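Engineer:
Residue numbers (the numbering used here): 14 to 113.
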(Lines of atoms letter the chains of each structure in order from A and count residues from 1; the text may use other names and numbers.)
(Lines give C-alpha, C1' and ligand atoms only; values in the text may rest on other atoms or scores of the structure.)
Protein backbone atom coordinates (compact mmCIF):
# COMPACT_ATOMS: atom_id res chain seq x y z
CA UNK A 1 0.00 0.00 0.00
CA UNK A 2 1.09 3.57 -0.57
CA UNK A 3 0.93 6.17 2.22
CA UNK A 4 1.63 9.87 2.56
CA UNK A 5 3.15 10.99 5.85
CA UNK A 6 2.85 14.68 6.74
CA UNK A 7 5.14 16.08 9.43
CA UNK A 8 4.15 19.17 11.42
CA UNK A 9 6.54 21.21 13.57
CA UNK A 10 6.21 24.25 15.79
CA UNK A 11 9.31 25.73 14.10
CA UNK A 12 9.03 26.75 10.45
CA UNK A 13 12.69 27.34 9.61
CA UNK A 14 14.04 23.83 8.90
CA UNK A 15 16.38 23.75 5.85
CA UNK A 16 15.01 21.82 2.88
CA UNK A 17 16.39 18.38 1.99
CA UNK A 18 15.21 15.54 -0.17
CA UNK A 19 17.43 12.75 1.08
CA UNK A 20 16.52 12.04 4.70
CA UNK A 21 13.76 12.56 7.23
CA UNK A 22 14.13 15.40 9.75
CA UNK A 23 15.18 12.80 12.33
CA UNK A 24 16.01 9.16 11.81
CA UNK A 25 13.12 6.75 12.43
CA UNK A 26 13.40 3.93 14.93
CA UNK A 27 16.17 1.38 14.26
CA UNK A 28 15.06 -1.28 11.79
CA UNK A 29 12.13 0.81 10.60
CA UNK A 30 13.51 0.91 7.07
CA UNK A 31 12.74 -2.78 6.71
CA UNK A 32 9.05 -2.02 7.19
CA UNK A 33 8.73 0.12 4.05
CA UNK A 34 9.65 -1.11 0.59
CA UNK A 35 10.38 2.42 -0.62
CA UNK A 36 10.24 5.92 0.80
CA UNK A 37 11.00 9.44 -0.37
CA UNK A 38 11.37 12.07 2.35
CA UNK A 39 11.29 15.78 1.59
CA UNK A 40 11.59 18.56 4.13
CA UNK A 41 9.69 21.64 3.06
CA UNK A 42 11.05 25.17 2.74
CA UNK A 43 9.68 27.73 5.21
CA UNK A 44 6.04 28.71 4.68
CA UNK A 45 7.23 32.17 3.64
CA UNK A 46 8.54 30.53 0.44
CA UNK A 47 5.16 29.01 -0.39
CA UNK A 48 2.59 30.14 -2.94
CA UNK A 49 -1.06 29.34 -2.31
CA UNK A 50 -3.53 28.80 -5.16
CA UNK A 51 -7.21 29.00 -4.29
CA UNK A 52 -9.99 29.32 -6.85
CA UNK A 53 -7.33 30.10 -9.46
CA UNK A 54 -5.93 33.06 -7.49
CA UNK A 55 -2.24 33.00 -6.46
CA UNK A 56 -1.30 34.41 -3.07
CA UNK A 57 2.27 34.63 -1.71
CA UNK A 58 2.85 32.54 1.41
CA UNK A 59 1.25 29.48 2.96
CA UNK A 60 -2.44 29.08 3.55
CA UNK A 61 -3.11 30.66 6.98
CA UNK A 62 -4.44 28.84 9.98
CA UNK A 63 -2.18 25.81 10.10
CA UNK A 64 -0.39 25.75 13.42
CA UNK A 65 1.85 23.84 13.85
CA UNK A 66 3.21 24.24 10.31
CA UNK A 67 3.55 21.48 7.74
CA UNK A 68 7.31 20.85 7.59
CA UNK A 69 7.90 17.57 5.76
CA UNK A 70 6.27 15.08 3.45
CA UNK A 71 7.03 11.41 2.86
CA UNK A 72 5.47 9.15 0.24
CA UNK A 73 6.14 5.50 1.01
CA UNK A 74 5.09 1.99 0.17
CA UNK A 75 4.51 -0.23 3.19
CA UNK A 76 2.78 -3.47 4.09
CA UNK A 77 0.06 -1.76 6.14
CA UNK A 78 -0.71 1.13 8.49
CA UNK A 79 0.98 -0.62 11.43
CA UNK A 80 4.27 -0.70 9.50
CA UNK A 81 4.03 3.04 8.84
CA UNK A 82 3.24 3.77 12.49
CA UNK A 83 6.34 1.80 13.52
CA UNK A 84 8.40 3.75 10.99
CA UNK A 85 7.40 7.23 12.18
CA UNK A 86 6.89 6.60 15.88
CA UNK A 87 10.15 8.33 16.94
CA UNK A 88 9.81 11.45 14.77
CA UNK A 89 9.40 14.83 16.49
CA UNK A 90 6.31 17.00 16.22
CA UNK A 91 2.97 15.78 14.92
CA UNK A 92 2.85 13.17 12.17
CA UNK A 93 -0.26 12.54 10.07
CA UNK A 94 -0.55 9.35 8.01
CA UNK A 95 -2.91 9.10 5.05
CA UNK A 96 -3.50 6.24 2.64
CA UNK A 97 -2.63 7.41 -0.89
CA UNK A 98 -4.62 6.55 -3.99
CA UNK A 99 -3.33 6.54 -7.55
CA UNK A 100 -5.04 9.11 -9.76
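Every residue gets a Cβ at the ideal spot worked out from N, C-alpha and C, and that includes glycine. Computed from a predicted model, the values in this text were never measured in an experiment.
Report buried or exposed for residue 86, applying the criterion of at least 16 other Cβ atoms within 10 angstroms of its Cβ.
Structural biologist: Your numbering for residue 86 matches position 73 in the chain shown. Buried, by the Cβ-count rule.
Engineer: State the CB to CB distance for the pair residue 88 and residue 80, rounded to an integer number of angstroms; the pair is presumed to be in contact (CB under 8 Å).
Structural biologist: One-based indexing of the chain shown puts residue 88 at position 75. One-based indexing of the chain shown puts residue 80 at position 67. Not really, about 21 Å apart at Cβ, beyond 8 Å.
Engineer: The alpha helix (DSSP H) that contains residue 93, what's its start and end?
Structural biologist: In the chain shown, residue 93 corresponds to position 80, counting from 1. Taken as a continuous stretch (DSSP letters only), the alpha helix (DSSP H) holding residue 93 covers 91-98.
Engineer: Report the three-state DSSP secondary structure of residue 58 (helix, strand or coil).
Structural biologist: Your numbering for residue 58 matches position 45 in the chain shown. DSSP places residue 58 in helix when its eight states are reduced to three.
Engineer: Measuring straight from C-alpha to C-alpha, what distance separates residue 70 and residue 78?
Structural biologist: The residue you call residue 70 lines up with position 57 of the chain shown. The residue you call residue 78 lines up with position 65 of the chain shown. Each residue's alpha carbon lies about 19 Å from the other.
Engineer: Within a Cβ cutoff of 8 Å, which residues of the same chain sit near residue 48, ignoring the five residues on either side of it in sequence?
Structural biologist: Position 35 of the chain shown, counted from the first residue, corresponds to residue 48. For residue 48, where only same-chain residues beyond five positions count, the Cβ hits under 8 Å are 86 and 87.
Engineer: Which residue marks the beginning of the beta strand (DSSP E) containing residue 110, and which one marks its end?
Structural biologist: Position 97 of the chain shown, counting from 1, holds the residue named residue 110. No beta strand (DSSP E) contains residue 110, which DSSP labels as neither H nor E.
Engineer: Between the beta-carbon of residue 17 and the beta-carbon of residue 99, is there less than 7 Å?
Structural biologist: Taking the first residue of the chain shown as 1, we reach residue 17 at position 4. Taking the first residue of the chain shown as 1, we reach residue 99 at position 86. The answer is no: Cβ separation not under 7 Å.
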